[in-house]
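Everything on this sheet refers to the single structure shown next.
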Amino acid sequence: MFYAWLVKDLLPKLPAHSVIVMDNARFHKRSDMIEAIEEQGHTIEYLPSYSPDLNPIERKWAEAKAIRRKYHCSIEDLFLEHLHYVNL
């Protein structure tokens with residue numbers, strides 16, 4: 434799913450020679466993903482391991498988990514309910 438979004442949505446919108454910053458999730462290091470990014474002339478930089486302070490999405494995940502606990506709903510429900518706030 435991430436690969437499809439990367440190739441079909443993100444990469445076509447990036448300016449030439451962009452730097453893509455990602456965490457060290459295994460799926461971010463798949464060879465097909467790295468190849469797709471580099472074929473488009475972009476560079477990948479990985480955040481250091483165990484550095485949530487450098488990854489702003491970690492704060493948002495913490496907020497989402499707190500809301501989930503408070504309202505007893507699933508992460509999927511929260512995601513779908515708030516997806517319209519996301520823009521590129």
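Numbering (the working numbering), first residue to last: 434 to 521.
Cβ atoms here follow ideal geometry from the backbone N, Cα and C, with glycine treated the same way.
Runs of the alpha helix (DSSP H) lying entirely within the region 444-517, each at least 4 residues long, are 464-472, 489-504 and 508-515 in chain order. Rounded to whole angstroms, His517 and Pro489 show a C-alpha spacing of 19 Å. If you compare the alpha carbons of Ala499, Glu491, Gly474 and His505 with that of Pro448, the shortest gap goes to Gly474. Taking each of Glu509, Ser482 and Pro481 in turn and checking the Cα distance to Trp494, the smallest one comes out for Glu509.
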